[in-house]
Amino acid sequence: MISLSSRVALLAGLCVGTAAMGQATTFVDTAGVSISSLQTNPADVVRTGTTTIDANGGYTFNFNPVVSGTGFLGGFVGSNIPLGDVLNSFVSGQHRILYGAVRNPGAGVPVNLDIEVVGGSFSGIDIALTLDYKVRADRRAEVAIRNIQKPFGLGLRVESGGLNVATWTPPAAKVSEWHFDGSLASVQQSGLAPSSGPARMRYLDDAAFGPILGGVGDELNYPNPPTPTGVTQAQSSFGTAASFGLPALGGGDDVVYRTSPPRNLADPTNSAKSRGIGLALWPNSRDFWPEDRNGQWTMVWDILIPAAAWNAEYPSPLIQDNHNNDSDADAFLRKNGAALTFGYQVATSAYATLPGVSAGQWFRLAISSDGYRTKQGRVFVNGSFVGTTGGDWVYASCKSTDPRWGDVSSTNLAGTPVAPATWSGWGQFPSPWAKSPNAAAAPMAATICLFSDLLGRGESIYVANMAYSDEAMTDTQIAALGGPSWRGIVHLKPAGCAADFNADTVVDFFDYLDFVAAFSSNDPTADFNADTVIDFFDYLDFVAGFSGGC
0 MISLSSRVAL LAGLCVGTAA MGQATTFVDT AGVSISSLQT NPADVVRTGT TTIDANGGYT
60 FNFNPVVSGT GFLGGFVGSN IPLGDVLNSF VSGQHRILYG AVRNPGAGVP VNLDIEVVGG
120 SFSGIDIALT LDYKVRADRR AEVAIRNIQK PFGLGLRVES GGLNVATWTP PAAKVSEWHF
180 DGSLASVQQS GLAPSSGPAR MRYLDDAAFG PILGGVGDEL NYPNPPTPTG VTQAQSSFGT
240 AASFGLPALG GGDDVVYRTS PPRNLADPTN SAKSRGIGLA LWPNSRDFWP EDRNGQWTMV
300 WDILIPAAAW NAEYPSPLIQ DNHNNDSDAD AFLRKNGAAL TFGYQVATSA YATLPGVSAG
360 QWFRLAISSD GYRTKQGRVF VNGSFVGTTG GDWVYASCKS TDPRWGDVSS TNLAGTPVAP
420 ATWSGWGQFP SPWAKSPNAA AAPMAATICL FSDLLGRGES IYVANMAYSD EAMTDTQIAA
480 LGGPSWRGIV HLKPAGCAAD FNADTVVDFF DYLDFVAAFS SNDPTADFNA DTVIDFFDYL
540 DFVAGFSGGC
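In numbering that gives the first Met the number 0, the protein residues as written are 0 to 549.
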């Protein structure tokens with residue numbers, strides 16, 4: 000017979016072993032949830048799981064219950080239909096918002112997994128609601144349907160299913176970067192940083208992508224006659240900062256990119272001709288990332304706004320997070336009196352002021368967006384935090400090794416493969432304009448638009464470098480990036496010889512004279528140590544570099 004003390008010890012060991020095994024998954028059953036057809040703005044619905052999950056540095060989630068419509072308008076939803084298929088009937092490919100993967104640095108709880116505002120119109124019926132998934136402080140998962148707005152006579156009943164959450168180990172963040180050294184090639188493509196991030200960039204209206212969709216009021220159709228292609232490239236250019244009459248970046252000249260204004264200059268009020276203007280950024284993360292979105296990301300730019308753009312209300316749009324520029328930009332550089340401001344997915348009155356920035360001056364702007372956990376972005380100038388703004392996810396579908404259309408549904412779980420000839424014709428980059436060759440007519444939904452605004456607001460600005468990361472970088476990480484530099488942001492060009500101030504390949508007394516002249520006139524090129532302030536430390540650092548030679 001086992002003694003009482005032995006039994007206690009055995010039981011304790013079993014408990015410890017069970018705890019060590021961890022709880023990697025949990026489920027919130029939403030069967031029986033009902034949204035009344037008799038109210039247009041019914042109360043929020045909240046369900047909490049009965050089991051716990053480990054606090055962890057990352058989670059995956061999916062919420063695709065089987066539902067039925069109720070009320071006299073319930074037929075528009077149908078019976079025993081997966082929620083993803085219902086959403087697809089409003090917006091093709093909308094199924095993607097029901098699953099995701101979230102980084103959770105520090106493994107703290109409670110943590111939001113996603114707060115998703117859903118809206119659409121089908122046969123004249125408008126519906127809006129918010130899906131809210133989280134892991135609570137007690138480590139139970141919770142799903143809520145909030146802010147429900149719908150017509151009288153339309154209800155919804157959950158027949159089966161619910162929220163699934165699992166612990167997950169996120170891959171190391173990847174930082175993609177572009178130096179705009181005469182092309183849109185990334186530093187991975189150029190060979191400067193072969194192990195850097197895989198993102199790619201193309202002109203949004205590249206002819207290889209096929210016909211461009213229409214303007215305001217005709218966003219889902221192809222205009223006839225077709226919209227001209229190749230306009231972005233024709234209206235933009237590359238050149239050294241000096242060739243454009245611009246100051247150097249942190250003591251060095253550099254090849255930079257002059258953006259196109261976000262409209263066709265030959266027909267500037269035609270929104271159809273604005274649709275394709277800009278750059279398309281493809282995160283290209285789907286080969287290693289388990290979902291079709293990046294819910295946490297960071298963008299960084301080295302920017303100069305010339306006087307002509309500075310005097311406009313909107314010097315430039317920066318981000319249009321729709322995959323094919325179907326509306327106005329989501330993030331602008333905007334003037335508010337004499338001050339430059341920036342915001343993302345917030346009213347212009349809530350834009351963050353960018354202190355110390357003026358016309359003709361290089362500055363480094365960063366936004367760190369934690370769309371899944373906080374719905375908030377953090378804004379930085381030259382590494383210093385200056386305010387908060389909105390945060391959201393961006394499109395990031397399409398595996399480079401297995402490209403597929405965005406027509407995922409309950410009967411097509413992986414999406415339809417893109418024909419090899421089509422993929423090759425696009426230049427192995429997802430077309431922002433094409434639609435799947437089936438009844439779904441689904442887009443690739445894989446890109447982010449840069450320097451684009453369907454309404455054509457903005458001017459040409461200069462961009463020396465840009466970086467994109469698939470994580471919301473911390474304040475400390477962004478502070479370490481500092482201010483603008485001719486060498487780049489994260490993946491730097493070789494240092495060269497900073498004491499060769501006039502870049503004539505010889506360090507001599509003329510470099511000293513040119514530096515002193517720049518320093519005396521407070522020229523931005525005299526910011527030798529790139530700390531954004533021209534002071535005696537720049538002079539001392541230059542003299543030290545000059546004395547040391549190269």
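The beta-carbon is built from N, C-alpha and C at its ideal position, and this holds for glycine as well.
Predicted, not measured: the structure shown is a model, and the values here were computed from it.
(request) Kindly indicate which three-state DSSP category residue 104 falls into: helix, strand or coil? (result) coil
(request) Could you work out which residue in 286, 493, 498, 465 is closest to residue 483 when comparing CA atoms only? (result) 465
(message) Please classify residue 505 as buried or exposed, where buried requires at least 16 other C-beta atoms within 10 Å of its C-beta.
(response) exposed
(message) Along the chain, where does the alpha helix (DSSP H) containing residue 231 start, and where does it finish?
(response) 230 to 233
(request) With distances taken Cα to Cα, identify the nearest neighbour of residue 370 among 168, 102, 179. (result) 102
(request) Report, in whole angstroms, the separation of the C-beta atoms of residue 214 and residue 273, which I expect to be a contact under 8 angstroms. (result) 7 angstroms
(request) With DSSP collapsed to three states, give me the class of residue 295. (result) strand
(message) Suppose only complete runs of 4+ residues qualify. What are the alpha helix (DSSP H) ranges in the segment 378 to 454, listed by chain order?
(response) 419 to 424
(request) Determine the burial state of residue 535: buried for a count of at least 16 other Cβ atoms within 10 Å of its Cβ, exposed for fewer. (result) exposed
(message) How far does the alpha helix (DSSP H) with residue 272 in it extend, from its first residue to its last?
(response) 270 to 273
(message) Could you compute how far the alpha carbon of residue 29 sits from the alpha carbon of residue 410?
(response) 22 angstroms
(request) Check the DSSP bridge columns for residue 456 and list the partner residues they point to. (result) DSSP output for residue 456 lists no bridge partner at all.
(request) Can you give me the Cβ contacts of residue 228 inside the same chain, cut-off strictly under 6 angstroms, excluding the 5 residues immediately before and after it? (result) 204, 206
(message) The beta strand (DSSP E) that contains residue 368, what's its start and end?
(response) 361 to 369
(request) Tell me the start and end of each unbroken alpha helix (DSSP H) in the segment 294 to 355 that is at least 4 residues and wholly inside, in chain order. (result) 306 to 309
(message) Are the CB atoms of residue 161 and residue 299 within a distance shorter than 8 angstroms?
(response) no
(message) By the three-class DSSP mapping on this structure, what secondary structure does residue 264 have?
(response) coil
(message) Please tell me whether residue 460 and residue 304 are closer than 8 angstroms, where the distance is taken between their beta carbons.
(response) yes
(request) Please name the residue, chosen from 441, 144, 279, 188, that lies closest to residue 91 on a Cα-to-Cα basis. (result) 441
(request) Could you tell me the distance, in whole angstroms, from the CA atom of residue 319 to the CA atom of residue 310? (result) 22 angstroms
(message) With H, G and I counted as helix, E and B as strand and the rest as coil, what does DSSP make of residue 19?
(response) Any answer about residue 19 is weak, because its pLDDT of 41 lies below 50 and its placement is not dependable; what the coordinates show is given next. In this structure, residue 19 counts as helix in the three-state DSSP scheme.
(request) Closer than 8 angstroms by C-beta to residue 251: which residues in its own chain qualify, once you throw out the five before and the five after it? Chain order, please. (result) 484, 485, 486, 495, 497, 502
(request) Have a look at the DSSP bridge pairing and note the partners of residue 200. (result) 280
(message) I'd like the span of the beta strand (DSSP E) that includes residue 146, first residue to last.
(response) 139 to 148
(message) Using DSSP's beta-bridge definition, name the partner residues of residue 113.
(response) 132
(request) In the DSSP assignment, find the alpha helix (DSSP H) that holds residue 512 and state where it starts and stops. (result) 508 to 519
(message) Could you check whether residue 58 and residue 165 sit closer than 8 angstroms to each other, using their CB atoms as the reference points?
(response) yes
(message) Tell me the DSSP secondary structure of residue 51 in three-state form.
(response) strand
(message) Does residue 187 come out as helix, strand or coil in the three-state DSSP assignment?
(response) helix
(request) Please state if the CB of residue 246 and the CB of residue 361 are separated by a distance shorter than 8 angstroms. (result) yes
(request) Pick helix, strand or coil for residue 500, following the three-state DSSP scheme. (result) coil
(request) Using the Cα positions of residue 243 and residue 279, report the straight-line distance between them to the nearest angstrom. (result) 25 angstroms
(message) Taking 6 angstroms as the limit between beta carbons, can you name the residues of its chain near residue 83, skipping five residues before and five after?
(response) 63, 94, 97
(request) Measure the C-alpha to C-alpha separation of residue 408 and residue 416 and round it to an integer number of angstroms. (result) 14 angstroms
(request) With residue 57 as the anchor, note down where its beta strand (DSSP E) starts and where it stops. (result) 57 to 62
(message) Tell me the DSSP secondary structure of residue 182 in three-state form.
(response) coil
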